[in-house]
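A.B. asks: This is the structure I have questions about; it appears just below.
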Ligand code: PLP
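Residue numbers (the working numbering): 137 to 607.
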């Protein structure tokens, strides 16, 4: 492909992309592909000779598209959204074009300095404490791992990095029983050991019980453990519960624990001034993460990680072999030292495009709308005889189940709801996923796709009611 062919193919690709969005509602939201179906259509060896671009696009339509689940469909209500938006996509195209590997300031000064500034913008938009330093990570999982590793180093006097765990105190970590599995994974990777991760019970709203947290910490100290870190959720994955940040912060200060807040999904809601009370006490957090790649219309991957003690972070991750030395030294930020990977994509560009394109007011308006639509749906469910709400609706996620009045057996209801969910998703008209809350099968309805309108939610609700009658 030469440059003129690239230009022509790129124009055609843009047309393909615009048509995709125009027709996105014609695709089944959850792919109808069965295991092996895509694999079996791909030649088992690579082609000897180069192929024409039109053949690649032809096979994209024929082989790949049937195996795609349409995360950008306005009837995608599953998991949490991984939203993109038109400005974000355009920025990703430019990022791909520049192909810059932004590990050091010198390897693209503008990428580093734009990242510094958009992270400041985000901190201001969310009203985060002024002493937080921001860096973009690929995912919240990585950010949480970075937080645990920095805590481990700071509390071990930076000894585990050099000496390994031998001779070190036995660390314990704390999160609620509703916390995300990325914490379990990070605890394993960081060498803390999953047996030393305490899952604290939750209250009736699925938020961590701070009294139980303190009791568990005291018990561990008495047994000779060293409590290392507590991780609070601002929006759990199952039901979007908010752990009591203020109480947890006080406990972490009292017992000298590192305090991380996982706000992967719900952090975006903090751009609304009316929600800021929900995170009172955030000043005592050491680190905070939220994902613009979930609810802030920015392509995956883009996770905003904030840390108070920048020196501890740098002491944990900096490594400077001869081939990475640059003349600017530590007069500049070299973001390779702010996390795990050396190589880094130019991710700040898409955030810059999104924030400038929507404007803070535009973003606020969208988030407010999503919350309002979720609230309206909650009311409809509450007013329905055959459905019930399973958890408080704090943001734009509605947890509910089908519960015809004559049925009371939990197992029977669990099966019924599983059946309902599968029938809905098989229709291709929407996509919802589930969780279990107190062992009760619960359907999660996540409002908030970028180009969704309220009629998509109302249509989905009608379909849910109709399908429930059919099972
Ligand atoms: N934390 C919470 C509360 C989540 O809901 C999720 C994913 O949904 C994660 C962490 C992991 O996010 P990521 O895919 O960015 O690692």
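C-beta: ideal position from N, C-alpha, C; glycine also.
Classify residue 311 as helix, strand or coil using the three-state DSSP reduction.
C.D. replies: Start at 1 with the first residue of the chain shown, and residue 311 comes out as number 175. Note: residue 311 maps to strand in three-state DSSP.
A.B. asks: Between residue 424 and residue 397, is the Cβ-Cβ spacing less than 9 Å?
C.D. replies: As a working note, residue 424 is residue 288 in the chain shown. As a working note, residue 397 is residue 261 in the chain shown. The answer is yes: Cβ separation under 9 Å.
A.B. asks: Find out if the Cβ-Cβ distance for the pair residue 227, residue 430 is shorter than 9 Å.
C.D. replies: Here residue 227 refers to the residue found at position 91 when the chain shown is read from its first residue. Here residue 430 refers to the residue found at position 294 when the chain shown is read from its first residue. No, the Cβ-Cβ distance between residue 227 and residue 430 is not below 9 Å.
A.B. asks: Mind checking whether residue 481 and residue 238 have CB atoms under 9 Å apart?
C.D. replies: Locating residue 481 in the chain shown gives position 345, where the first residue counts as 1. Locating residue 238 in the chain shown gives position 102, where the first residue counts as 1. In this structure, residue 238 lies closer than 9 Å to residue 481 by Cβ.
A.B. asks: Among residues of its own chain, excluding the 5 on either side of residue 436, which ones have a beta-carbon nearer than 7 Å to its beta-carbon?
C.D. replies: Translated into positions along the chain shown, residue 436 becomes position 300. Same-chain partners within the cutoff: 218 and 429.
A.B. asks: Would you call residue 506 buried or exposed, if buried means 16 or more other Cβ atoms sit within 10 Å of its Cβ?
C.D. replies: Here residue 506 refers to the residue found at position 370 when the chain shown is read from its first residue. When all chains shown are included, residue 506 counts as buried.
A.B. asks: Provide the residue(s) that pair with residue 567 in DSSP beta bridges, ordered along the chain.
C.D. replies: If you number the chain shown from 1, residue 567 lands on position 431. Partner(s): 212.
A.B. asks: Under 8 Å from any heavy atom of ligand 1, does the C-beta of residue 243 make it?
C.D. replies: As a first step, residue 243 must be located in the chain shown, where it is residue number 107. No, ligand 1 has no heavy atom inside 8 Å of this Cβ.
A.B. asks: For ligand 1, is there a heavy atom less than 8 Å away from the beta-carbon of residue 421?
C.D. replies: Taking the first residue of the chain shown as position 1, residue 421 is located at position 285. With a cutoff of 8 Å, residue 421 does not count as near ligand 1, since its C-beta is closer than that to no heavy atom of the ligand.
A.B. asks: Just to confirm, does residue 400 get its C-beta within under 8 Å of one of the non-hydrogen atoms of ligand 1?
C.D. replies: As a first step, residue 400 is located in the chain shown; it is residue number 264 there, counting from the start. Yes - ligand 1 has a heavy atom lying nearer than 8 Å to the Cβ of residue 400.
A.B. asks: Classify residue 233: buried if its beta carbon has 16 or more other beta carbons within 10 angstroms, exposed otherwise.
C.D. replies: Taking the first residue of the chain shown as position 1, residue 233 is located at position 97. Residue 233 comes out exposed.
A.B. asks: Just to check, is the beta-carbon of residue 369 closer than 8 Å to a non-hydrogen atom of ligand 1?
C.D. replies: Position 233 of the chain shown holds residue 369. Yes, since a heavy atom of ligand 1 falls inside the 8 Å radius drawn around the Cβ of residue 369.
A.B. asks: To the nearest angstrom, report how far apart residue 591 and residue 561 are at their CA atoms.
C.D. replies: Position 455 of the chain shown holds residue 591. Position 425 of the chain shown holds residue 561. Roughly 18 Å between the two C-alpha positions.
A.B. asks: Please indicate yes or no: does the CB of residue 567 lie closer than 8 Å to some heavy atom of ligand 1?
C.D. replies: Locating residue 567 in the chain shown gives position 431, where the first residue counts as 1. No, ligand 1 has no heavy atom inside 8 Å of this Cβ.
A.B. asks: When every heavy atom of ligand 1 is checked, does at least one fall within less than 8 Å of the C-beta of residue 430?
C.D. replies: Taking the first residue of the chain shown as position 1, residue 430 is located at position 294. Answer for residue 430: yes, Cβ within range of ligand 1.
A.B. asks: Near residue 184, what residues of its chain come up, given a Cβ to Cβ distance below 6 Å and the 5 sequence neighbours on each side ignored?
C.D. replies: Locating residue 184 in the chain shown gives position 48, counting from the first residue. A distance below 6 Å between beta-carbons, with the five flanking residues on each side excluded, links residue 184 to no residue of its chain.
A.B. asks: Give me, in chain order, the residues of the same chain whose beta-carbon lies closer than 7 Å to that of residue 597; leave out the 5 immediate sequence neighbours on both sides.
C.D. replies: On the chain shown, residue 597 is found 461 positions in, with the first residue counted as 1. 513 and 516, listed in sequence order.
A.B. asks: Closer than 8 Å is the cut-off here; do at least three beta carbon pairs connect the stretch 272-290 with the stretch 496-505?
C.D. replies: no
A.B. asks: What does DSSP give as the partner residues of residue 273 in its beta bridges?
C.D. replies: Mapped onto the chain shown, residue 273 falls at position 137. DSSP, once it has assigned bridges, lists 439 as partnering residue 273.
A.B. asks: Compute the Euclidean distance between the alpha carbons of residue 375 and residue 403, then round it to the nearest angstrom.
C.D. replies: On the chain shown, position 239 is the one that residue 375 refers to. On the chain shown, position 267 is the one that residue 403 refers to. Approximately 15 Å, taken between the alpha carbons.
A.B. asks: Could you check the C-alpha separation between residue 285 and residue 169 for me, to the nearest Å?
C.D. replies: Working through the chain shown from its first residue, we reach residue 285 at position 149. Working through the chain shown from its first residue, we reach residue 169 at position 33. For residue 285 and residue 169, the distance between alpha carbons rounds to 40 Å.
A.B. asks: Cβ of residue 342 within 8 Å of any heavy atom in ligand 1?
C.D. replies: Position 206 of the chain shown holds residue 342. No, since every heavy atom of ligand 1 falls outside the 8 Å radius drawn around the Cβ of residue 342.
A.B. asks: For residue 366, which of 288, 295 and 186 has the nearest alpha-carbon?
C.D. replies: On the chain shown, residue 366 is found 230 positions in, with the first residue counted as 1. The candidate whose alpha carbon is nearest that of residue 366 is 288.
A.B. asks: Determine the burial state of residue 150: buried for a count of at least 16 other Cβ atoms within 10 Å of its Cβ, exposed for fewer.
C.D. replies: Translated into positions along the chain shown, residue 150 becomes position 14. So residue 150 counts as exposed.
A.B. asks: Provide the residue span of the alpha helix (DSSP H) that contains residue 381, from first to last.
C.D. replies: Taking the first residue of the chain shown as position 1, residue 381 is located at position 245. Segment 381-390, the alpha helix (DSSP H) holding residue 381.
A.B. asks: Does residue 404 come out as helix, strand or coil in the three-state DSSP assignment?
C.D. replies: Within the chain shown, numbered from 1, the residue matching residue 404 stands at position 268. Reduced to three states, the DSSP call for residue 404 is helix.
A.B. asks: Which of the three DSSP states, helix, strand or coil, is assigned to residue 223?
C.D. replies: Position 87 of the chain shown holds residue 223. The answer is helix: DSSP assigns residue 223 an H, G or I state.
A.B. asks: Would the beta-carbon of residue 280 be found less than 8 Å away from any heavy atom of ligand 1?
C.D. replies: Position 144 of the chain shown holds residue 280. Yes, since a heavy atom of ligand 1 falls inside the 8 Å radius drawn around the Cβ of residue 280.
A.B. asks: Just checking residue 276 against ligand 3 - is the residue's beta carbon closer than 8 Å to any of the ligand's heavy atoms?
C.D. replies: Absence of ligand 3 from the depicted structure is noted, with ligand 1 being the only ligands included.
A.B. asks: Return yes when the Cβ of residue 216 is within less than 9 Å of the Cβ of residue 587, no when it is not.
C.D. replies: Locating residue 587 in the chain shown gives position 451, where the first residue counts as 1. Locating residue 216 in the chain shown gives position 80, where the first residue counts as 1. Taking 9 Å as the Cβ cut-off, residue 587 and residue 216 do not qualify as a contacting pair.
A.B. asks: For residue 608, write down the residues that DSSP places opposite it in a beta bridge.
C.D. replies: Nothing in the structure corresponds to residue 608, since the chain is present only between 137 and 607.
A.B. asks: What does the alpha-carbon distance come out to for the pair residue 220 and residue 582?
C.D. replies: By one-based count along the chain shown, residue 220 stands at place 84. By one-based count along the chain shown, residue 582 stands at place 446. Residue 220 and residue 582: Cα-Cα distance of roughly 16 Å.
A.B. asks: Rounded to whole angstroms, what is the Cα-Cα separation between residue 511 and residue 265?
C.D. replies: Within the chain shown, residue 511 is the residue found at index 375, counting from 1. Within the chain shown, residue 265 is the residue found at index 129, counting from 1. For residue 511 and residue 265, the distance between alpha carbons rounds to 29 Å.
A.B. asks: Roughly how many whole angstroms lie between the Cα atoms of residue 231 and residue 247?
C.D. replies: As a working note, residue 231 is residue 95 in the chain shown. As a working note, residue 247 is residue 111 in the chain shown. Approximately 10 Å, taken between the alpha carbons.
A.B. asks: Under a Cβ-count criterion, where at least 16 other Cβ atoms within 10 Å of its own Cβ denotes burial, should residue 474 be classed as buried or exposed?
C.D. replies: As a first step, residue 474 must be located in the chain shown, where it is residue number 338. Answer is buried; the Cβ neighbour count reaches 16.
A.B. asks: Note the first and the last residue of the continuous beta strand (DSSP E) segment covering residue 361.
C.D. replies: Your numbering for residue 361 matches position 225 in the chain shown. Segment: none, residue 361 is in no beta strand (DSSP E) and carries neither H nor E.
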